[in-house]
Structure formats: C-alpha cells, structure tokens
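Chemist:
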Amino acid sequence: MYLSSVELWRTYWESVSRPYTVFICSVTAALYYLWGRKCETPALICSEAFSVFLKKHCPVVAERFCPTPWCWGGRLQTLVCALLKSRPPVSYRNELIRTTDGGQISLDWVDNHTSETYPDSCARPTVLILPGLTGNSQQPYVLHAVSQATSRGYRCVVFNNRGVGGEELLTPVTYCAANTSDLEQVVQHVKNMYPQAPVLGAGVSLGGMILLNYLARKRTESGMVAGITISVAWDALKSSDSMEEPLNWLLFNKHLTNGLRQKVTRHRKILEKVVDVDYVLKARTIREFDERFTSQVFGYKSCIDYYRDASPAKKLPHTAVPILCLNAADDPFSPQSTFPVSIVQTLPNVALLLTAHGGHIAFLQGLFPRGESYMERLFGQFVQAVFEHPKDIERACGMGKDEPNQQHSDGGEKPSRDVSSQ
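Under the numbering used here, the first residue of the sequence shown carries the number 645, and numbering increases by one thereafter.
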C-alpha cells in the first residue's frame, strides 16, 4: 500500500527533526558558510613583469586560497598544523662540516640519485633549506619541502643551525637571525661540491630572516639563483611584542622558550664559558632569552640592538636575486602591520604574497589538513619555475643580460606594480 502524502511528510519531518540530524546539518551548513567566506585570492605585490612570470609558471599565486573551515584564526591554524601535519618519509645523508672558528655545522642531504630529470649529479639543481627557530631537518614542513623538491628531480640539503641537528657544540657559538657567517660557509661548501648546479635558498620563519639578511649582504655574490621565504618576521621587535600577548605567550612563546632553554641545557658545559647559564635558564619569554643569551653571545649591547639588526624588511632593496615571500595576515608571530608592502612596491626582484588566513607556517586546506598545504604547493611550483625557466625569471626581475636592472631604492625610476587580490 502506498503512503499518503501526509504520512510521507510526517515521516520526513520525524527524521530531519531528530537532534543529531539537526546538529549535523547545522555544523555542515556552518562549515560550508565559513569555507566559502574565507576563500580569497591572495594579494600579490610585485612588479608587473614578475607577476606575469609567477602567474604563468607558478599558477597557485592566482588561485583562491580556501583555508580549513574549522580552523578559525591564525592561532588555530598554527596549532593544528603542529599537531596533525603528516611526516613524509625522507632518508638523509648527514655531513658535518667545520667552520672557520673551529665549530661544526650539521647538513642533511637528499642527493636524489634516482632523479630522471637530472641524472647528472653535477648539474642537478640544489634546494638549500633553512628551518625555523628551534627546528631542524625533521620538522614536518621541512620534510614536505624536501618531498616537493625531490619529486621534481632536485637535490636538497637542510642547513641545521649549530646545536640543533644532534651534533655537539665545539665552540660557545650558536646562531641568530642577524648572523649569516654560517650560511655563507654552507653555500660555499655546496658550491664547491657542485659548482655547475644552481642553488635556491628556502627559509622558514627565522630561517627566512637569516636567508634575507644573507642575500642583502652578499648581493650579487650570494651564490644563489633565487630565494623563497615563508612566515618571516619582518620586524623582530614588533614580532616579540605580538608573541608576548597573553594568549600568544601561553600557546607559542612559552613552548619555544622551553625549546631554547633545553638546547642551552644540552650544551651547558661549553656555553658556561660565555654566559651565566643559570640566569639564561630562568628566561620565560623569547625576548628574555635573547636579552640574556643571544645578544650576549653575538656581541650586541642589548636585545633591542639585536632585533634591529635582525629585522630584514629594510634590507630588501639590497638583494639582487628573485625572491618570493609568503605571509598570512593572521600570523601571530608576524603582525600584518610589519609587512614591507611599500618597500616591495619599489623593487623589481621581490614578490610578496599575502593571504588573509594561514597562521604561522600552516596555510592548511581541506577538511582533513594532514597532507599537502598551500605553502607546499607554492614552494614546489616556485622552485620548479626558477630552475626550469632561469632566463625568463631573470628578465622578469630586470636581471637579464639584455635588460638592465631598474633603479629602485635610490630614488630612481620605479617599475609598475601589480597588486592583485580578489
């Protein structure tokens, strides 16, 4: 017997009015709304020529970025990424190199001997990766970057800052965002091993600060063909202020400071020669640690002097290779007000890609954001664009032989700008 229309509606209503059904439908609708509302095309600040190059060879820059809908805000993006991010399997070859001051640096290589694109190791392009403040080659974002590069046939080497790669400190010297001497020795070492292979630098957070400071100091003598940075703190002092906000201190600053103290404890015997270790271990913020340790080890009068020297924003005009910088407006580590938009608008070789959401080293997408994220897609495409189209990117950034560099920060003619956003 067929059900009457009244009975059908009654059965339907009883089904959809059950509490769990209402809850599921409400959550689904909310997630759909939030996902759609947050989807925006990132703002691309760069010269017109560089923009054309990026949109052609790195199309992700022009795509809408849809962050994970249940990750509200940059803090949650950052936390979820740290807790849930997958770890692609990577097998490293470790190498310890000695420094001119008697110390040692740990390098983790992925030689990629099975590369079909570049079977000749002498010409195989190399990606040099610089991790963040307390990070090393085992960080998920590093493993994903290595996976992106090696899948395209390139070689990778991770530059572990002194004392964080599992090696012993041989001298009472560690690392800081303003000191680029170790990076210079690493680049020289890589170039001596593979003089014909182009090198691209990739820096994340503090690693990006070191990379940008290095590129600004070395200019045309950097030994690199390009650079990419992710979640850089453009102004170290304002970044420190942001990290000391109560919630940011509780969620991030406290954890990172603990990591820094643990490294001092591990190398206590040799570091006691230059600092009061007991006093350092009482630090409760990154700023206190830098005041009591970093500024002392590297000869700064104060933490403020160190932070001024470490901040890379105003040094961008001194760089001489193509650079792509990715930042999120809701990054709790790097306030949006510090982004060097006005500076980048005067430069032919620097592109600043800004997303409304993404947190710090996160940029999660999809409902279950364990795999490839927006920043990894961007990284892979940009690395490939640089290595596979070297002449095109040189011309786009005004560095080709047939196109002289345009003047910029010295008051010369400014190139036209492309600031594209949805």
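Note that beta-carbon positions come from the ideal geometry of N, C-alpha and C, so glycine has one too.
To which residues of the same chain is S1060 closer than 7 Å at the C-beta, ignoring the five residues directly before and after it?
Modeler: Its pLDDT being 39, under 50, S1060 is placed unreliably in this model, and the value from its coordinates should be taken loosely. So the qualifying residues of the chain are S691 and E692.
Chemist: Please name the residue or residues paired with S750 in a DSSP beta bridge.
Modeler: The partner list for S750 (beta bridge, DSSP) reads L740 and N804.
Chemist: The beta strand (DSSP E) spanning C969 covers which residue range?
Modeler: Element bounds for C969: I967 to A972.
Chemist: Would you kindly work out how many angstroms separate the C-alpha atoms of T761 and A687, rounded to a whole number?
Modeler: Cα-Cα distance, rounded: 33 Å.
Chemist: With distances taken between CB atoms, is the gap from P769 to A870 smaller than 7 Å?
Modeler: No, these two residues do not count as a Cβ contact at 7 Å.
Chemist: Closer than 6 Å by C-beta to F1031: which residues in its own chain qualify, once you throw out the five before and the five after it? Chain order, please.
Modeler: Only P769 meet the Cβ criterion.
Chemist: Say whether the region 872-880 touches the region 978-988, bearing in mind that this needs 3 or more beta-carbon pairs closer than 8 Å, one atom from each stretch.
Modeler: Verdict: yes, contact present.
Chemist: Are the region 694-713 and the region 735-746 in contact at 8 Å, needing three or more beta carbon pairs?
Modeler: Counting Cβ pairs under 8 Å, fewer than three are found: no touch.
Chemist: Could you pull the start and end residues of the alpha helix (DSSP H) that T909 belongs to?
Modeler: It spans K898 to R910 - the alpha helix (DSSP H) in which T909 sits, taken as one unbroken run.
Chemist: For E811, does the three-state DSSP call read helix, strand or coil?
Modeler: If DSSP states are grouped into helix, strand and coil, E811 belongs with coil.
Chemist: In the DSSP assignment, find the beta strand (DSSP E) that holds C690 and state where it starts and stops.
Modeler: Counting along the chain, the beta strand (DSSP E) containing C690 begins and ends at A687 to S691.
Chemist: Using the rule of at least 16 other Cβ atoms within 10 Å of the residue's Cβ for burial, across every protein chain shown, is Q783 buried or exposed?
Modeler: Buried, since its Cβ has 16 or more Cβ neighbours within 10 Å.
Chemist: Where do the N-terminal and C-terminal ends of the beta strand (DSSP E) with V771 fall, by residue?
Modeler: Unbroken beta strand (DSSP E) run through V771: T770 to L774.
Chemist: Give me, in chain order, the residues of the same chain whose beta-carbon lies closer than 6 Å to that of S955; leave out the 5 immediate sequence neighbours on both sides.
Modeler: Correct list, in chain order: D879 and A880.
Chemist: Could you tell me the alpha carbon to alpha carbon distance between P763 and L814, rounded to whole angstroms?
Modeler: Between P763 and L814, the C-alpha separation is close to 37 Å.
Chemist: Is Q1009 helix, strand or coil by DSSP?
Modeler: If DSSP states are grouped into helix, strand and coil, Q1009 belongs with the strands.
Chemist: Does the distance from the C-beta atom of G807 to that of D975 stay below 7 Å?
Modeler: No; because the gap between Cβ atoms is not below 7 Å, this pair is not in contact.
Chemist: Going by Cα to Cα distance, which pick from E684, A1006, I689 and F694 is closest to C1041?
Modeler: When only C-alpha atoms are compared, the closest one is F694.
Chemist: Near R905, what residues of its chain come up, given a Cβ to Cβ distance below 6 Å and the 5 sequence neighbours on each side ignored?
Modeler: Around R905: L925.
Chemist: Decide if H757 is buried, meaning its Cβ has at least 16 other Cβ atoms within 10 Å, or exposed.
Modeler: So H757 counts as exposed.
Chemist: Just reading off the alpha helix (DSSP H) that A789 is part of, what are its end residues?
Modeler: A789 -> alpha helix (DSSP H) spans P784 to S795.
Chemist: May I ask you to report which of helix, strand or coil DSSP gives E1020?
Modeler: Helix.
Chemist: Compute the distance between the beta-carbons of A995 and L968, then report whether it is under 7 Å.
Modeler: Yes.
Chemist: So, V704 versus V1027, is the Cβ gap smaller than 7 Å?
Modeler: Against a cut-off of 7 Å, the Cβ pair of V1027 and V704 comes out as no contact.
Chemist: Once DSSP output is grouped into helix, strand and coil, what is the label at Y677?
Modeler: Here the model assigns Y677 a pLDDT of 42, short of 50, so the residue's position is not dependable, and the following value carries that caveat. In this structure, Y677 counts as helix in the three-state DSSP scheme.
Chemist: Taking all protein chains shown into account, decide if D934 is buried (16 or more other Cβ within 10 angstroms of its Cβ) or exposed.
Modeler: Answer is buried; the Cβ neighbour count reaches 16.
Chemist: Looking at the secondary structure, which residues open and close the alpha helix (DSSP H) in which G718 lies?
Modeler: G717 to L728 is the extent of the alpha helix (DSSP H) around G718.
Chemist: Taking a contact to mean a Cβ-Cβ separation below 7 Å, would you say L859 touches S866 in this structure?
Modeler: Yes.
Chemist: Please work out which residues of its chain come closer than 8 Å, Cβ to Cβ, to N857, disregarding the five sequence neighbours upstream and downstream, and give them in chain order.
Modeler: Correct list, in chain order: A821, A822, T824, A954, P956 and K959.
Chemist: Quick check on the DSSP output: the alpha helix (DSSP H) that includes V830 runs from which residue to which?
Modeler: Segment S825 to M837, the alpha helix (DSSP H) holding V830.
Chemist: Can you tell me whether P775 is buried or exposed? The criterion is at least 16 other CB atoms within 10 Å of its CB, across all chains shown.
Modeler: With 16 or more other Cβ atoms within 10 Å, it is buried.
Chemist: DSSP has T999 in a bridge; who is on the other side?
Modeler: T999 pairs with A972.
Chemist: Could you tell me how far apart the beta carbons of E888 and T938 are, in whole angstroms, since I believe they sit closer than 8 Å?
Modeler: Actually they do not touch by this definition, with Cβ atoms about 16 Å apart.
Chemist: In or out: V830 buried (at least 16 other Cβ within 10 Å) or exposed?
Modeler: Answer is buried; the Cβ neighbour count reaches 16.
Chemist: Here's the rule: buried if 16 or more other CB atoms are within 10 angstroms of the residue's CB, otherwise exposed. What is H788?
Modeler: Answer is buried; the Cβ neighbour count reaches 16.
Chemist: Within the same chain, show all residues whose beta-carbon is closer than 8 Å to that of R863, passing over the 5 residues directly before and after it, in chain order.
Modeler: Excluding positions up to five away in sequence, the list reads H962, T963 and A964.
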